[in-house]
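These notes are about the structure you will find just below.
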Amino acid sequence: MGKPANIIFLFLVFLAAAAQADDYEIGVLAKRGDAKCLERWSATGGYLSDQFESDSFGIVPLDFNEIEEAVKSGQVDFVLANPAVYVNLEYNYHVKRLATLVNKSPAGNINSFAGIVFCLKDKSFERFRDLKGLHIAAVDRNSFGGWLAVKRELVADGLDVPGDFSSLSFTGSHDKVVYSVQQGSADAGIVRSNSLERLAAEGKINLDDFKIVESCTNEDLPFLHSTETYPEWPFSALEHIPATVSKRVTVALLNMPEGHNAAVQANIGGWTVPSHYKSVRECLREIRYKPYEMHGKVTLAQVFKNFRNSIFFILFAGLVLGLVFVWLVLLNRKLHLSTASKEKEIRARENAEKQLKEANRAKERFLANMSHEIRTPMNSIIGFCDLLREFNLPGEARSYVEKISISGESLLELINDILDFSKIEAGRMKVDVNEFSLGRLLNNVESIIYQKVKEKKLEFGIIENGAIPANIVSDQHRLNQCLINLCSNAVKFTNSGHVHIIVSTFRKNGDDWISFAVEDTGVGISNDKLEHIFDPFTQAEESTARKYGGTGLGLSVTSKLAGLLGGELKCSSEPGLGSTFTLSIPAGLDVNSQARMDRLNLKEASYENHQQLTNQFSGSILVAEDSPTNQMLIRIYLEKMGLDVDVAENGQLAVDMAMKKSYRLIFMDVQMPEMDGCEAAQRLRKQNWNGPIIALTANAMKGDREKCLAAGCDYYLSKPIDRIKLISALEQYLGDDDSPQSETKEENSDDTAGLIERFIKKCGDEGMAKQLAGVFLEDGYLCLDKIKQAVDENNQKDLELYSHRLKSSARHVAAEKLSNLCLELELCGRNGETEKVRSLLPKLESLYSQISDCLREFLN
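Position 578 of the sequence shown, counting from 1, maps to 577 under numbering that gives the first Met the number 0, and the rest follow consecutively.
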């Protein structure tokens, strides 16, 4: 063969080889930028090219946003990316992993990595939950080690990601995250393991300047990390790559020597057989990252596939209904075309709403005026009845006074119910939540209800079911109102038996609640009437109003007040056996952290104590009041207490008199001619009058109290004036520690000495005393018998209940020593001191026998 022929032959061989050669592109995730990517992985492309001789392998740097599009469009043949990108490409484009990268470490080669959360060493972050409210820097929302693996741990620890962070920024590279934390622009950073060690080895950071949040220890991963470990980056082939080529690439990668230039350039230990990526898939499912964004959700395609026949039926039915609807629309077209009529209707409605608002305002003004106009004469009626009780009236006259007083109080109760109902219906009733003594409130309820119970010869007791807190947080006034309403109702409808208040605590939705069950043995309510029992102006039977009286407002108001207190009111009843109304409200505090309620040792103001006081105060008092009857009433009240009283008929005169004479206290009626009480109080304060001012008002509407206090008044009393509240106010502002009422006397060794004289003085006349003595002898014997029975049966509940009952009865007949002994027994019953009770029982029987003999002799 000649030389030209040889040249031609070589040329043909070259053409044939060129025709068979292929160029393959390897898409590599460039997590540190294109330049770094090419610098690190170009030698690996060259290594594969050398192994294939005729084929070449090039490196294509791709960022997170480019890599999927490059695979989808076929721009690359192989992919080297993080596990999250691989799982997504495997799911959507069926790429096949050929090998898993092996990294270098101080402890040897490793084929796993993790995420790391870090901050500067001087920060106080120790746990993932400490990251709340901080600025966090991460690599990229698609970076597995630099975000996704850590996100899984944060969500598992209960964080709302990224809602719980002050801000979350993605810097684009691991290095930038580290620099952000180092420079203080981020509070904490998230990168993949080995990032800190690598930068420290490059001399760019000092590893001691940082600390790891929730650092983990794993023998397979010697680098700092905060999450569980995951398999390293896989090298994958796209679906169009022939199996023979994939096999040759796999063999070449697995046989790459650790010291080869390609491994050194990439700073890796080589390649190993493909790892399992199940843990990566589980991570992506939990955080619903692609391709599992819809994991756990039902897609439209799935619904259509599973319910195709039903969907067609629904569509057909919808079509039929649509045609029917169109037909109806056409039939009613004339009605819808009357636009002018509709506009007129809208205007009429707007005018009606405006008139309704004006009517509501007028109603409120009317109620305020009605309150003032009715309460003013009621103040005189109830007040003068109160004064008449102090005189030694004949029995029949005393009965008339009592009837007038009861009628006045009933009318006052009706007024209060109407005003409260009106305010609640208008949405103007507000609650004033404060911490207060529960024992003092219950004692107040008991003192108010006791007389009603005694008149009907009923048994009354407050039973503590378990440990009851000394204080609760609620509206004291409204709770007191609810309990008095329920107890008054119970007494009204009970002719024999008992009325009990059972107090207990319970947990509801993680909070402490307290319940007051008012239990009676009255007429009961039938089941068909129970559902309407809380409706306004409703009573169980029509005959109820005729027999027992009332408007049917009390329970409705109480139920609505319970709702305002955040609680509820329920009723259970059986006709002929009685009813139980249970009021439950939030305790407003941690019951377990409170001291136990002790009602017995609370110092209470009572009418029995106050009515014996004379000349307990001194000094001059100014009363500003325009009503002559109210002037006379309050003057009598105050003069009986030893005070000198001057009266001013209007606010202007009150200001003038206060500037000319020194007064210890001023009672200021709010509504007066010429100048009202609020304006007068403001004038006095501006002229530096610093004494106490107590407002008197017959109004009972919202804002009255706040208006008076804002004007400069120190205290607030509503009419009709309650003498106990009046005395309490005087004690608060004029009281003196060395006053006569604070002096105590030693008890007589014999409780019967002077008993009858004290008893008659306490009752006001001998006839009333004899009536009470009869009640005491009958009820006291029963109580004594129950106490002895409770001791024998070790029944602490009955011991406490009947000791308390006998204590109150003894106090009413002026037998103080017997009352004190019963108090001691009551405390023993509460504290379970059975032996001490047994030792006191003979003394109780002896003392009761002496008192009983004395009272029988008095009756005979």
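The beta carbon of each residue, even a glycine, is placed where N, CA and C say it ideally should be.
Worksheet item: Should the stretch 461-471 be regarded as contacting the stretch 486-495, the criterion being three or more beta carbon pairs within less than 8 Å?
Response: Taking 8 Å as the limit for Cβ pairs, the verdict is that the stretch 486-495 does not touch the stretch 461-471.
Item to complete: Pull up the distance between the alpha-carbon of D597 and that of S436, whole angstroms please.
Response: Start at 1 with the first residue of the sequence shown, and residue 597 comes out as number 598. Start at 1 with the first residue of the sequence shown, and residue 436 comes out as number 437. D597 and S436 have their alpha carbons spaced roughly 10 Å apart.
Worksheet item: At which residues does the alpha helix (DSSP H) containing T628 begin and terminate?
Response: What you label residue 628 is simply residue 629 of the sequence shown in a count that begins at 1. Segment 627-639, the alpha helix (DSSP H) holding T628.
Worksheet item: Near Q475, what residues of its chain come up, given a Cβ to Cβ distance below 7 Å and the 5 sequence neighbours on each side ignored?
Response: As a position in the sequence shown, residue 475 is number 476, starting the count at 1. If we look at Q475 and ignore the five residues flanking it on each side, its Cβ neighbours are N433, F435, L440.
Worksheet item: If we count the other Cβ atoms within 10 Å of its Cβ and call it buried at 16 or more, is D527 buried or exposed?
Response: As a working note, residue 527 is residue 528 in the sequence shown. Under the 10 Å beta carbon count, D527 is surrounded by fewer than 16 other beta carbons and is classified as exposed.
Discussion item. Taking contact to mean 3 or more Cβ pairs, one atom from each stretch, closer than 8 Å, check whether the stretch 120-134 and the stretch 98-108 are in contact.
Written reply: With a cut-off of 8 Å, the stretch 98-108 and the stretch 120-134 do not count as touching, because too few Cβ pairs lie within range.
Item to complete: Throw me the rounded Cβ distance for the D511 and A586 pair, which I believe falls under 8 Å.
Response: On the sequence shown, position 512 is the one that residue 511 refers to. On the sequence shown, position 587 is the one that residue 586 refers to. Contact holds; Cβ gap of about 4 Å.
Worksheet item: With respect to the alpha helix (DSSP H) encompassing G553, which residues constitute its N-terminal and C-terminal limits?
Response: One-based indexing of the sequence shown puts residue 553 at position 554. DSSP places G553 in the uninterrupted alpha helix (DSSP H) bounded by 553-563.
Worksheet item: Going by other Cβ atoms of all chains shown within 10 Å of its Cβ, with 16 needed for buried, is H499 buried or exposed?
Response: Position 500 of the sequence shown, counted from the start, is the residue given in the question as residue 499. In summary, H499 is buried, with 16 or more beta-carbon neighbours lying within 10 Å of its beta-carbon over all protein chains present.
Worksheet item: Does the distance from the CB of D675 to the CB of P691 come in under 7 Å?
Response: The sequence position of residue 675 within the sequence shown is 676, counting from 1. The sequence position of residue 691 within the sequence shown is 692, counting from 1. In this structure, the beta-carbon distance from D675 to P691 does not fall below 7 Å.
Discussion item. Can you look up F383 in the DSSP assignment and give me helix, strand or coil?
Written reply: Start at 1 with the first residue of the sequence shown, and residue 383 comes out as number 384. DSSP, reduced to helix, strand and coil, places F383 within a helical segment of the structure shown.
Worksheet entry | Cβ pair V812, F857 closer than 7 Å | Position 813 of the sequence shown holds residue 812. Position 858 of the sequence shown holds residue 857. No, Cβ-Cβ distance for V812 and F857 is not below 7 Å.
Worksheet item: At what residue ranges does the stretch 429-503 contain a whole run of the alpha helix (DSSP H), taking only runs of 4 or more?
Response: Listed in chain order, they are 437-454, 475-491.
Worksheet item: Near D645, what residues of its chain come up, given a Cβ to Cβ distance below 8 Å and the 5 sequence neighbours on each side ignored?
Response: Position 646 of the sequence shown, counting from 1, holds the residue named residue 645. Once the five neighbours on either side are set aside, the close Cβ partners of D645 are S619, I620, L621, V622, M656, K660, Y662.
Discussion item. Extract the residue ranges of the alpha helix (DSSP H) inside the stretch 200-279, only unbroken runs of 4 or more that lie entirely within it.
Written reply: Runs of alpha helix (DSSP H) with 4 or more residues, each lying fully within the stretch 200-279, are found at 242-253, 260-265, listed in chain order.
Item to complete: Give the straight-line distance between the Cα atoms of F383 and L632, rounded to the nearest whole angstrom.
Response: Against the sequence shown, residue 383 aligns to sequence position 384. Against the sequence shown, residue 632 aligns to sequence position 633. Distance between the alpha carbons of F383 and L632 is about 7 Å.
Worksheet item: Going by the beta-carbon positions, is the gap between L554 and I584 smaller than 7 Å?
Response: Within the sequence shown, residue 554 is the residue found at index 555, counting from 1. Within the sequence shown, residue 584 is the residue found at index 585, counting from 1. No, the Cβ-Cβ distance between L554 and I584 is not below 7 Å.
Worksheet item: With 16 other CB atoms within 10 Å as the buried threshold, where does Y780 fall?
Response: Position 781 of the sequence shown, counting from 1, holds the residue named residue 780. In summary, Y780 is exposed, with fewer than 16 beta-carbon neighbours lying within 10 Å of its beta-carbon over all protein chains present.
Fill in: Rounded C-alpha distance that separates P221 from Y229
For this step, residue 221 is matched to residue 222 along the sequence shown. For this step, residue 229 is matched to residue 230 along the sequence shown. Roughly 14 Å separates the two Cα atoms.
Worksheet item: How long is the line joining the alpha carbons of Q864 and M667, rounded to whole angstroms?
Response: Outside the shown range of the chain (0 to 859) lies residue 864, about which nothing can therefore be said.
Worksheet entry | Reference R829, options L223, Q795, D49, closest by Cα | What you label residue 829 is simply residue 830 of the sequence shown in a count that begins at 1. Closest option to R829, Cα to Cα, is Q795.
Worksheet entry | Sequence-distant residues of its chain with Cβ nearer than 8 Å to E745 (five each side left out) | In the sequence shown, counting from the first residue as 1, residue 745 sits at position 746. In this prediction, E745 has a pLDDT of 38, which is less than 50 and means its spatial position is unreliable; what the coordinates show is noted afterwards. Closer than 8 Å at the Cβ level, and outside the excluded window around E745, lies no residue.
Worksheet item: alpha helix (DSSP H) containing H93: first to last residue?
Response: In the sequence shown, residue 93 corresponds to position 94, counting from 1. It is not in any alpha helix (DSSP H) - H93 carries neither H nor E in the DSSP assignment.
Worksheet item: Hey, F492 and G521 are a contact pair by Cβ (cut 8 Å); roughly how many whole angstroms apart?
Response: Indexing the sequence shown from 1 puts residue 492 at position 493. Indexing the sequence shown from 1 puts residue 521 at position 522. Yes, they are in contact, since the Cβ atoms of F492 and G521 sit about 4 Å apart, within 8 Å.
Worksheet entry | Cα-Cα separation between L776 and S851, rounded to whole angstroms | As a position in the sequence shown, residue 776 is number 777, starting the count at 1. As a position in the sequence shown, residue 851 is number 852, starting the count at 1. If you draw a straight line from the Cα of L776 to the Cα of S851, it is about 6 Å long.
Worksheet entry | Presumed contact (8 Å Cβ cut-off) between C853 and T751, rounded CB distance | As a working note, residue 853 is residue 854 in the sequence shown. As a working note, residue 751 is residue 752 in the sequence shown. Sure, about 4 Å apart at Cβ, within 8 Å.
Fill in: Range of the contiguous beta strand (DSSP E) that encloses W512
As a position in the sequence shown, residue 512 is number 513, starting the count at 1. 510-519 is the span of the beta strand (DSSP E), which, as asked, contains W512.
Worksheet item: How far does the beta strand (DSSP E) with D163 in it reach, from first residue to last?
Response: For the purposes of this step, residue 163 is identified with residue 164 of the sequence shown, where counting begins at 1. Element bounds for D163: n/a, residue is neither H nor E.
Worksheet entry | Beta-carbon proximity of R477 to V400, cut-off 7 Å | Locating residue 477 in the sequence shown gives position 478, counting from the first residue. Locating residue 400 in the sequence shown gives position 401, counting from the first residue. Between R477 and V400, the C-beta spacing is not below 7 Å.
Discussion item. Is the beta carbon of A136 closer than 7 Å to that of T170?
Written reply: Against the sequence shown, residue 170 aligns to sequence position 171. Against the sequence shown, residue 136 aligns to sequence position 137. In this structure, A136 lies closer than 7 Å to T170 by Cβ.
Item to complete: May I ask which residues mark the beginning and end of the beta strand (DSSP E) holding T579?
Response: Here residue 579 refers to the residue found at position 580 of the sequence shown. Taken as a continuous stretch (DSSP letters only), the beta strand (DSSP E) holding T579 covers 577-585.
Item to complete: Given a cut-off of 7 Å, decide if E458 and H497 are closer than it, judged by their beta-carbon atoms.
Response: Start at 1 with the first residue of the sequence shown, and residue 497 comes out as number 498. Start at 1 with the first residue of the sequence shown, and residue 458 comes out as number 459. Yes, the pair counts as a contact, with Cβ atoms nearer than the cut-off.
Discussion item. Rounding to the nearest angstrom, what Cα-Cα distance links S514 and V590 in this structure?
Written reply: Position 515 of the sequence shown holds residue 514. Position 591 of the sequence shown holds residue 590. Rounded to the nearest whole angstrom, the C-alpha separation of S514 and V590 is 13 Å.
Worksheet item: Looking at the unbroken alpha helix (DSSP H) that takes in P691, where does it start and where does it end?
Response: Locating residue 691 in the sequence shown gives position 692, counting from the first residue. Per DSSP, P691 lies in no alpha helix (DSSP H) and is assigned neither H nor E.
Item to complete: Could you give the DSSP three-state label for A814: helix, strand or coil?
Response: Sequence index remark: in the sequence shown, residue 814 carries index 815 (1-based). A814 falls in the coil class under three-state DSSP.
Discussion item. Can you confirm whether the stretch 112-127 touches the stretch 204-213 when touching is taken to mean that 3 or more C-beta pairs between the two stretches lie within less than 8 Å?
Written reply: Taking 8 Å as the limit for Cβ pairs, the verdict is that the stretch 112-127 does touch the stretch 204-213.
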